[in-house]
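The block underneath contains the structure these notes are about, expressed in structure tokens.
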Amino acid sequence: MKIVLTIDYSPWSRYSGGAQLSTHYLASSLGQRGHSVHVVYTKPPWERVPVPDTLPYRLHWAILPALRSNRRATFRSLSALSVARVVRDIIESQEGSVVIHCNGEEGGCLGAVSRELNCPLVCTPRHVRYPTSFLEWDKMSIGRYLLQFLTEPKYLMQRRAARAADLVAPASKAAATLTQEALGIDPEKITVVKNGVSGEYFQREPGYDPEGFLIFFGRIDEVKGVGTLIRAIELLGSVAEKIVIVGRGPEKARYKRLVDAAGMSDRITFRDWMTQADLARFLKEAQLAVLPSRHESFGVAIANAMASGLPVISTRVDAIPELIEHGVTGYLVEPDDPVALANGINLLTSDKDYASGLASKGAAFVRSNLTWDKTAEKFEAIYASLLAATG
Numbered sequence: 349m350k351i352v353l354t355i356d357y358s359p360w361s362r363y364s365g366g367a368q369l370s371t372h373y374l375a376s377s378l379g380q381r382g383h384s385v386h387v388v389y390t391k392p393p394w395e396r397v398p399v400p401d402t403l404p405y406r407l408h409w410a411i412l413p414a415l416r417s418n419r420r421a422t423f424r425s426l427s428a429l430s431v432a433r434v435v436r437d438i439i440e441s442q443e444g445s446v447v448i449h450c451n452g453e454e455g456g457c458l459g460a461v462s463r464e465l466n467c468p469l470v471c472t473p474r475h476v477r478y479p480t481s482f483l484e485w486d487k488m489s490i491g492r493y494l495l496q497f498l499t500e501p502k503y504l505m506q507r508r509a510a511r512a513a514d515l516v517a518p519a520s521k522a523a524a525t526l527t528q529e530a531l532g533i534d535p536e537k538i539t540v541v542k543n544g545v546s547g548e549y550f551q552r553e554p555g556y557d558p559e560g561f562l563i564f565f566g567r568i569d570e571v572k573g574v575g576t577l578i579r580a581i582e583l584l585g586s587v588a589e590k591i592v593i594v595g596r597g598p599e600k601a602r603y604k605r606l607v608d609a610a611g612m613s614d615r616i617t618f619r620d621w622m623t624q625a626d627l628a629r630f631l632k633e634a635q636l637a638v639l640p641s642r643h644e645s646f647g648v649a650i651a652n653a654m655a656s657g658l659p660v661i662s663t664r665v666d667a668i669p670e671l672i673e674h675g676v677t678g679y680l681v682e683p684d685d686p687v688a689l690a691n692g693i694n695l696l697t698s699d700k701d702y703a704s705g706l707a708s709k710g711a712a713f714v715r716s717n718l719t720w721d722k723t724a725e726k727f728e729a730i731y732a733s734l735l736a737a738t739g
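Counting in the numbering used here, the sequence shown runs from 349 upward without gaps.
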């Protein structure tokens with residue numbers, strides 16, 4: 349099959365996250381399974397992005413209208429125009445049918461390309477939340493719509509992409525419900541396809557290492573619960589002696605100042621973001637993964653931590669309970685509750701056998717059910733069905 353995947357930014361950009369990694373791993377798995385895969389990422393024309401020398405797919409760049417790759421880039425949604433142009437050029441250079449699969453608001457103009465060139469369009473919405481006004485779309489005034497367009501157009505472009513798609517494939521049941529309610533998608537047009545986990549994370553023997561450290565990794569901002577984590581560590585005192593926060597994000601400097609002001613800089617250290625291979629190796633030295641997100645459409649970091657064989661404590665919100673069965677494959681607390689988080693950390697660090705059991709069962713669940721090869725196989729079936737329907 350010939351497949352074109354799209355996503356804003358890239359896995360190697362100064363701003364990236366689970367959506368970019370998921371797109372890369374899906375494309376890689378599809379390429380390794382023998383398909384002709386093209387991936388369209390976005391960046392400012394002058395930005396240099398350190399791309400690997402070899403990839404199992406063809407990489408293309410569309411224009412991100414910004415000074416640099418940044419989550420808050422004012423005109424990021426306009427990248428949809430450039431993405432559509434690049435996708436059109438790719439399809440017109442191919443012989444035979446092509447499937448388009450967008451992964452965000454960059455697909456906002458792909459509906460027209462899909463219709464004109466008779467190529468099926470799949471959309472995987474990856475936003476974890478939408479403006480409350482989206483839940484009452486039919487009641488939205490023109491003024492409110494214009495305000496939304498001016499302040500956060502990415503959500504409007506995501507809605508446009510999803511509604512134009514032949515099939516919408518969110519990564520969790522929670523994301524499917526959100527897609528249906530916030531974007532007005534017919535449930536008959538929705539098929540959940542969970543993300544996978546890279547085999548890099550399958551190398552650690554599952555268990556609890558009392559000599560290791562507590563670790564958080566991911567985007568450093570309030571949505572990921574970093575503030576809750578810091579407050580929980582403060583409550584724990586000497587119970588939590590070494591915590592490493594790995595990542596990047598708009599709130600990193602502020603959280604560093606918060607840690608310094610609380611006199612915890614000797615206990616909480618910050619590390620820059622790592623490649624996936626380096627992160628997988630670093631996790632081998634950890635004791636417990638603490639990932640207290642406030643919202644997750646899937647939970648890439650959580651799945652990676654479970655796959656690596658670490659006991660994981662996270663939150664009972666959105667898609668996370670689909671990954672973690674509380675007390676069986678991990679430990680869940682309520683979001684935004686530093687006391688509950690501190691109690692959970694205390695329990696897992698004081699009961700080695702319990703923590704080891706969670707780690708073993710969590711690793712077994714992810715390694716058996718959430719591989720990228722299985723995800724690619726499910727998308728193959730979806731693509732083939734849509735291609736057959738288009739004739």
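Think of the CB as a built atom: it goes at the ideal place given N, C-alpha and C, for glycine as much as any other residue.
Open item on the list: On the DSSP bridge list, what partners appear for Ile661?
Closed with: Val638 and Tyr679
- [ ] Please state whether DSSP places Tyr603 in a helix, a strand or coil.
- [x] helix
Open item on the list: Suppose you measure from the CA of Thr390 to the CA of Leu426; what does that come to, to the nearest Å?
Closed with: 11 Å
Open item on the list: Following a CB-centred definition, is Ser364 positioned closer than 7 Å to any heavy atom of the ligand ATP?
Closed with: What this structure holds is no ligand at all, so the ligand ATP is not there to describe.
Open item on the list: Using a Cβ distance threshold of 8 Å, determine whether the region 550-570 contacts the region 629-644, with at least three qualifying pairs required.
Closed with: yes
Open item on the list: For a test of the three-state rule: what should DSSP assign to Val687, helix, strand or coil?
Closed with: Judged by DSSP in its simplified three-state form, Val687 adopts helix.
Task: Own chain, CB closer than 8 Å to Ser708, minus 5 neighbours either side, in chain order - done: Pro554, Gly555 and Gly657
TODO: On the DSSP bridge assignment, give the partners of Ser384 in chain order.
DONE: Lys350
- [ ] Could you name the residues of the same chain whose beta carbon sits closer than 6 Å to that of Trp720, not counting the 5 residues immediately before and after it, in chain order?
- [x] Excluding residues within five positions, the ones whose Cβ falls inside 6 Å are Tyr373, Ser377 and Gly544.
TODO: Check whether the Cβ of Tyr549 lies closer than 8 Å to any Cβ atom in chain D.
DONE: Within the model displayed, chain D is absent; a lone protein chain is all it includes.
Open item on the list: For Leu353, tell me which candidate among Ala690, Tyr363, Ala367 and Arg362 has the shortest Cα-Cα distance.
Closed with: It is Ala367.
TODO: Report, in whole angstroms, the separation of the C-beta atoms of Pro473 and Gln506, which I expect to be a contact under 8 Å.
DONE: 6 Å
Task: Exposure label - Phe758; buried when at least 16 CB within 10 Å - done: Residue coverage of the chain in this structure runs from 349 to 739, which leaves residue 758 outside it and unanswerable.
Open item on the list: Can you tell me where the alpha helix (DSSP H) holding Gly710 begins and where it ends?
Closed with: Lys700 to Asn717 is the span of the alpha helix (DSSP H), which, as asked, contains Gly710.
Open item on the list: Based on DSSP bridge pairs, tell me the residues matched to Leu407.
Closed with: Looking at the DSSP assignment, Leu407 forms a beta bridge with Val387.
TODO: Enumerate in chain order the residues of its own chain whose CB-to-CB distance from Arg715 is below 7 Å, with the five nearest sequence positions on each side excluded.
DONE: Taken in chain order, the residues that qualify are Phe550 and Ala655.
- [ ] Write down the C-beta distance between Ala667 and Glu644 rounded to the nearest angstrom, noting that I regard them as a contact closer than 8 Å.
- [x] Contact between Ala667 and Glu644 holds: CB atoms are separated by about 5 Å, below the 8 Å threshold.
Task: DSSP-derived helix/strand/coil call for Thr472 - done: coil
- [ ] Identify whether Gly365 lies in helix, strand or coil by the three-state DSSP scheme.
- [x] coil
Task: Range of the contiguous beta strand (DSSP E) that encloses Leu631 - done: It is not in any beta strand (DSSP E) - Leu631 instead sits in the alpha helix (DSSP H) that spans Gln624 to Leu631.
- [ ] Would you give the residue range spanned by the alpha helix (DSSP H) that Leu526 belongs to?
- [x] Lys521 to Leu531
- [ ] Could you please give me the residues that DSSP links to Ile616 through a beta bridge?
- [x] Ile591
Open item on the list: My output table needs one value for Ile448: the three-state DSSP class, helix, strand or coil.
Closed with: strand
TODO: Whole angstroms is fine: what's the gap from Val397's alpha carbon to Thr371's?
DONE: 17 Å
Task: Whole runs of the beta strand (DSSP E) within the region 537-575, excluding any shorter than 3 residues - done: 561-567
TODO: Compare the C-alpha of Trp360 against each of Gly379, Gly692, Arg416 and Ser384 and name the closest.
DONE: Arg416
Task: Reference Ser358, options Leu407, Thr723 and Val571, closest by Cα - done: For the residues Leu407, Thr723 and Val571, the minimum Cα distance to Ser358 belongs to Leu407.
Task: Rounded distance between the beta-carbons of Ile730 and Leu515, thought under 8 Å - done: 6 Å
- [ ] Please go through the same chain and pick out, in chain order, the residues whose beta-carbon is closer than 7 Å to the beta-carbon of Met622, but skip the five residues on each side of it.
- [x] Apart from the 5 residues on each side of it in sequence, Met622 sits with its Cβ closer than 7 Å to the Cβ of Val594 and Phe630 in its chain, given in chain order.
Open item on the list: Let me confirm a value: Val461 is counted as buried when at least 16 other C-beta atoms fall within 10 Å, else exposed. Which label applies?
Closed with: That one is buried.
Task: Between the CA atoms of Ser704 and Ser481 - distance to the nearest angstrom - done: Cα to Cα, the separation comes out at about 44 Å.
Open item on the list: If distances are taken between C-alpha atoms only, which option among Gly459, Ile591 and Ile672 comes closest to Ala428?
Closed with: Gly459
TODO: For the alpha helix (DSSP H) containing Glu725, list its first residue and its last residue.
DONE: Its alpha helix (DSSP H) spans residues Trp720 to Thr738.
Open item on the list: So for Leu515, helix, strand or coil by DSSP?
Closed with: strand
Open item on the list: Do Gly678 and Ser662 count as a contact pair if the criterion is CB distance below 8 Å?
Closed with: The Cβ atoms of Ser662 and Gly678 sit closer than 8 Å to each other.
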